[in-house]
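Residue numbering for the sequence shown follows the numbering used here, beginning at 1094 and increasing consecutively.
Cβ coordinates follow ideal geometry from the N, Cα and C atoms, glycine included.
Here is the structure we will look at.
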Amino acid sequence: MPVPNGSELGRVPSCRTFPVGATGRSSVRHGPPGSRATCRSPLPVRPGPLRLLLCLFLVGLPGAAEPPLYVYASVGDNQWLCDWPPIDSPATVDALFDWLSRTYRAKRVYWRGEQDCMWLESYRFRPENPRYHEFCNDWLRHLDGEVGTNRLAVAAAKRRGMEMWAWDGLFEHGAQGEAGGCGSLPYGAEDRLRIEHPEWRPVDRWGQRAGAGPIELCYPEARRALVQRYVHHVVDHGYDGICFYTYVENFRQRYPDEFGYNEPIVAEFKRRHGVDIRNQPFDHAAWATLRGEYVTQLLRELSAELKPRGKKLGMCLRGDQPHQPQRWSATRQLTPAAGSIDMDWETWVKEGLVDQLMVYGGSDVKFMTTELPAACRPRGVEMALLSGAPFSAEWESCRQAGVRLCTVAARGYGIDHPSTGPVRVEDLSDRDWTRRATALACAAEGTLKLTPEQVAGLAHDPAVLVRREVVRTLGAIKAAGQVAVLEAALSDPELSVRASAAQALAAVHGPDSAAWLLAAVPTSGFQTKQEAIAALAAMKQAAWPALRSSVHHRSWQVRDVAVQALGPSGLPEAEPLLRTALGDRDWRVRHAAATGFGRFRSPETTALLLKALGDREAAVQLAAAKILGDGATQLNAEAKAQVLAALEALFNGYGEGSRRTDAAWGWQVVGSALLACGDEGRARLEALRTDKGDRRLAWWAYEVLYVKQSPYGITPCTEEEAEAAHERYAPEFPGVR
1094 MPVPNGSELG
1104 RVPSCRTFPV
1114 GATGRSSVRH
1124 GPPGSRATCR
1134 SPLPVRPGPL
1144 RLLLCLFLVG
1154 LPGAAEPPLY
1164 VYASVGDNQW
1174 LCDWPPIDSP
1184 ATVDALFDWL
1194 SRTYRAKRVY
1204 WRGEQDCMWL
1214 ESYRFRPENP
1224 RYHEFCNDWL
1234 RHLDGEVGTN
1244 RLAVAAAKRR
1254 GMEMWAWDGL
1264 FEHGAQGEAG
1274 GCGSLPYGAE
1284 DRLRIEHPEW
1294 RPVDRWGQRA
1304 GAGPIELCYP
1314 EARRALVQRY
1324 VHHVVDHGYD
1334 GICFYTYVEN
1344 FRQRYPDEFG
1354 YNEPIVAEFK
1364 RRHGVDIRNQ
1374 PFDHAAWATL
1384 RGEYVTQLLR
1394 ELSAELKPRG
1404 KKLGMCLRGD
1414 QPHQPQRWSA
1424 TRQLTPAAGS
1434 IDMDWETWVK
1444 EGLVDQLMVY
1454 GGSDVKFMTT
1464 ELPAACRPRG
1474 VEMALLSGAP
1484 FSAEWESCRQ
1494 AGVRLCTVAA
1504 RGYGIDHPST
1514 GPVRVEDLSD
1524 RDWTRRATAL
1534 ACAAEGTLKL
1544 TPEQVAGLAH
1554 DPAVLVRREV
1564 VRTLGAIKAA
1574 GQVAVLEAAL
1584 SDPELSVRAS
1594 AAQALAAVHG
1604 PDSAAWLLAA
1614 VPTSGFQTKQ
1624 EAIAALAAMK
1634 QAAWPALRSS
1644 VHHRSWQVRD
1654 VAVQALGPSG
1664 LPEAEPLLRT
1674 ALGDRDWRVR
1684 HAAATGFGRF
1694 RSPETTALLL
1704 KALGDREAAV
1714 QLAAAKILGD
1724 GATQLNAEAK
1734 AQVLAALEAL
1744 FNGYGEGSRR
1754 TDAAWGWQVV
1764 GSALLACGDE
1774 GRARLEALRT
1784 DKGDRRLAWW
1794 AYEVLYVKQS
1804 PYGITPCTEE
1814 EAEAAHERYA
1824 PEFPGVR
């Protein structure tokens, strides 16, 4: 669930789905305090996380001569990040479409929420990554199934005469557990099609390691399954069309041509060119073209199903490299993480397979004003540009060429405030909720002078986004005298208001605020829980009495929040509570306790973590293993020897015949912990790699040592380096687990 980033949109804020970075800022022109202030939002001055819809709140609407906008809504991001505009209730969904339609005259919305629906129907979520599992399996399932956010969104758009297109990743089908991209292992989700048909995963030239993200489209059965899925979601759920992006969100791909050597591709390439691409030099461009032909075939088959039903099909292109898949900004790589696949957009246009091409990333003006129109206009294919500055004069030549501007429903992307025009104090009593919300937002920015009492006066406003802006503004201006208002907002009927109140209490709080936060956790949803963790950690000593008592609370969620806050709090008193929590009856609390020990180093904690390696839950074992590996080089010789022995014993449990629930990926965590122990850990892995007694362990040791991967980013290498390492170090391959 990512959002556009700097490299993808061109001179716009960087962003990603779950990891966060620096925050983009908008500039404001304003007069003296209390006067009318005109807010405008040019491109942020530095990269920042894509605050996808929240801040649709903040910019002046361009002149009426501007054509209506298209808008991209990366819904899952809103449902993760409290700072983004909420999409978690009938009221918040309706408010989003209200301002998109009424304030910015948006005529089409690309809705990524349907991707979440596809995940819920077709993916497996790994419980060993508790944060992601709670988000996907619990929170998203609640929002889609019980609240009905996607259904509500389609209805809200139709009421306003707006088109709704589903938005999905053509190559984004999750990943195997050992792939990085979710901040910690395992990778949180994977398409059941990849799990049930491992042969459909892209494979390396040796037929040993699988790529993460794509389903290889050379298999007709795979294409058929995907076409059925897309037709079901577009037609049965009431969308007008579907548009695909082409990046993937994981860190598996180390070099462009690493994966894509599946048997049908190998056989077809040999038939055409007489070369076996697995072991002979070959034309890499011809290979990418062949893989791209299967993409085109999927579009043929999908278009043939959608067109008779009156549904449209769109594809995203990189403006600077339109024949390559897009890049995911988190990789910080110039090469696409989906691999080498030719995006033959000219054929898509000539055959009438697509109704729209959306330039998304690498926004090359020359391409958009010459080559793209020359191909698209004669065929009636719509052209669009996803831009972070949709009203900028720099796109005028693109507009003249017939390119429709699309922006992101987020702060810093040209449509920031719920209303436009001059802002004044009197707007607090305006009948239009967008005016009230905008006045509060400008007060939070410092561009409109309001007293804390004036802000708090709207705490019971009937509009959810006004109440939400009240608590956000009170936090921003550090209104210490209004803490009671923030605490009361933790009981608001709308979950988004509760989450924002929790966030605000990190900045301004009273002696009872921590207790209020913890009391709100069991009934307030994923976002409030995450904000409560951060706020409690920020409160430090002020939160200590509530944290101490909550470690024994009857609700596992309250205990989990308290324990997750203990480590980041840095309080010396936290260590004894973490020790207690390591024996909690709920494994998620034990997992949080083991992770929290990363902030504390002592012989006692080492002994406890060693004991946790024997926990009955794999996730707790792995959390303990990681923390032990991270601190191993700081231990004395005796303790380090104990850690090495324990980690090696745990690693041995992933050998042939392993019945562990994490047998296919947990070795990566334990092996990396061994490697982090320094020369002694490396030596033990080398001994396992060369031991012919267990081929599976030998292979895992080889991967840890010479096919390096990280949960936090790509570990790049060249094709030549990968081939040399495989030739020199790879043991006998034990087969796919």
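Could you check if residue i is buried or exposed, using at least 16 other CB atoms within 10 Å of its CB as the buried criterion?
| i | result |
| --- | --- |
| valine 1452 | buried |
| alanine 1817 | exposed |
| arginine 1252 | exposed |
| aspartate 1772 | exposed |
| proline 1142 | The predicted model places proline 1142 with a pLDDT of 34, which falls under 50 and marks its position as unreliable, so this point remains unresolved. |
| aspartate 1520 | buried |
| alanine 1738 | exposed |
| proline 1401 | exposed |
| glutamine 1575 | buried |
| lysine 1733 | buried |
| threonine 1754 | exposed |
| glutamine 1321 | exposed |
| serine 1512 | buried |
| arginine 1752 | exposed |
| histidine 1510 | buried |
| arginine 1828 | Before going further, note that residue 1828 is glycine rather than arginine in the sequence given. When all chains shown are included, glycine 1828 counts as exposed. |
| glycine 1707 | exposed |
| arginine 1230 | Checking the sequence shown, residue 1230 turns out to be asparagine, not arginine. That one is buried. |
Give me, in chain order, the residues of the same chain whose beta-carbon lies closer than 7 Å to that of residue i; leave out the 5 immediate sequence neighbours on both sides.
| i | result |
| --- | --- |
| glutamate 1439 | Ala1468 |
| alanine 1766 | Ala1718, Lys1719, Leu1721, Gly1722, Leu1740 |
| valine 1644 | Arg1652, Ala1655, Val1656, Leu1670, Thr1673, Ala1674 |
| tryptophan 1760 | Phe1744, Tyr1747, Trp1793 |
| valine 1564 | Leu1579, Ala1582, Val1590, Ser1593, Ala1594, Ala1597 |
| isoleucine 1626 | Val1654, Gln1657, Ala1658 |
| serine 1051 | Limits of the chain in this structure are 1094 at one end and 1830 at the other, which puts residue 1051 out of reach. |
Taking 6 Å as the limit between beta carbons, can you name the residues of its chain near residue i, skipping five residues before and five after?
| i | result |
| --- | --- |
| leucine 1790 | Gly1748, Leu1781 |
| threonine 1688 | Ala1716 |
| alanine 1685 | Asp1653, Val1656, Gln1657 |
| arginine 1129 | Note that arginine 1129 scores a pLDDT of 28, beneath 50, so its modelled location is shaky; the value from the coordinates is reported in the next line. So the list reads Pro1515, Arg1517, once near-sequence residues are dropped. |
| proline 1183 | Leu1245 |
| tyrosine 1225 | Cys1275, Gly1281 |
| phenylalanine 1111 | Low confidence applies to phenylalanine 1111: its pLDDT is 30, below 50, so where it sits in the model is not reliable enough to give any reading. |
Going by beta carbon distance, what residues of the same chain come within less than 8 Å of residue i, once the five residues before and after it are set aside?
| i | result |
| --- | --- |
| proline 1374 | Val1368 |
| aspartate 1784 | Leu1790, Ala1791 |
| tyrosine 1332 | Trp1204, Glu1207, Val1247, Met1257, Trp1258, Ala1259, His1326, Lys1404 |
| serine 1695 | Glu1668 |
| arginine 1285 | Ser1215, Tyr1216, Arg1217 |
| tyrosine 1338 | Trp1260, Asp1261, Gly1262, Leu1263, Glu1265, Cys1409, Gln1419, Tyr1453 |
Kindly identify the DSSP beta-bridge partner or partners of residue i.
| i | result |
| --- | --- |
| tryptophan 1204 | Ala1166, Ala1259 |
| isoleucine 1335 | Ala1259, Leu1406 |
| threonine 1500 | Val1164 |
| glutamine 1449 | Gly1407, Glu1475 |
| valine 1829 | In DSSP, valine 1829 forms no bridge with anything. |
| glycine 1267 | Glu1283 |
| valine 1713 | According to DSSP, valine 1713 bridges with nothing at all. |
| tyrosine 1216 | Asp1284 |
| alanine 1303 | Val1296 |
| valine 1518 | Note: valine 1518 sits in no beta bridge, so no partner. |
Our contact map puts residue i next to residue j with C-beta atoms below 8 Å; I'd like the distance itself, whole angstroms only.
| i | j | result |
| --- | --- | --- |
| glutamate 1283 | tyrosine 1216 | 6 Å |
| asparagine 1243 | cysteine 1210 | 5 Å |
| arginine 1591 | serine 1617 | 5 Å |
| arginine 1830 | alanine 1711 | At roughly 15 Å, the Cβ-Cβ gap does not stay under 8 Å, so arginine 1830 and alanine 1711 are not in contact. |
| glutamate 1342 | glutamate 1265 | 7 Å |
| alanine 1639 | alanine 1613 | Contact flag wrong, Cβ pair sits at about 12 Å. |
| alanine 1815 | tyrosine 1348 | 7 Å |
| alanine 1378 | isoleucine 1434 | Between isoleucine 1434 and alanine 1378 the Cβ distance is about 12 Å, and since that is not below 8 Å, they are no contact. |
| leucine 1396 | leucine 1446 | According to the sequence as given, residue 1396 is serine; it is not leucine. Yes, serine 1396 and leucine 1446 are in contact; Cβ-Cβ is about 5 Å, under 8 Å. |
Cβ pair count under 8 Å reaching 3, the segment 1504–1524 against the segment 1532–1545: Result yes; three or more Cβ-Cβ pairs closer than 8 Å.
Given 8 Å, three or more beta-carbon pairs between the segment 1231–1239 and the segment 1287–1301: Segments in contact, no.
Three or more C-beta pairs below 8 Å linking the segment 1587–1607 and the segment 1630–1647: Taking a cut-off of 8 Å for Cβ pairs, the segment 1587–1607 and the segment 1630–1647 touch, as three or more such pairs fall below it.
The segment 1461–1481 contacting the segment 1425–1434, beta-carbon criterion three pairs below 8 Å: A contact between stretches requires three or more CB pairs, one per stretch, nearer than 8 Å, and the segment 1461–1481 fails this requirement with the segment 1425–1434.
The segment 1387–1395 / the segment 1308–1324 touching (three or more Cβ pairs under 8 Å): When C-beta atoms of the segment 1387–1395 are compared with those of the segment 1308–1324, three or more pairs fall below 8 Å, so the two segments count as touching.
Stretch pair the segment 1411–1423 + the segment 1449–1463: three plus CB contacts closer than 8 Å: Contact between the segment 1411–1423 and the segment 1449–1463 is present, because at least three Cβ pairs lie under 8 Å.
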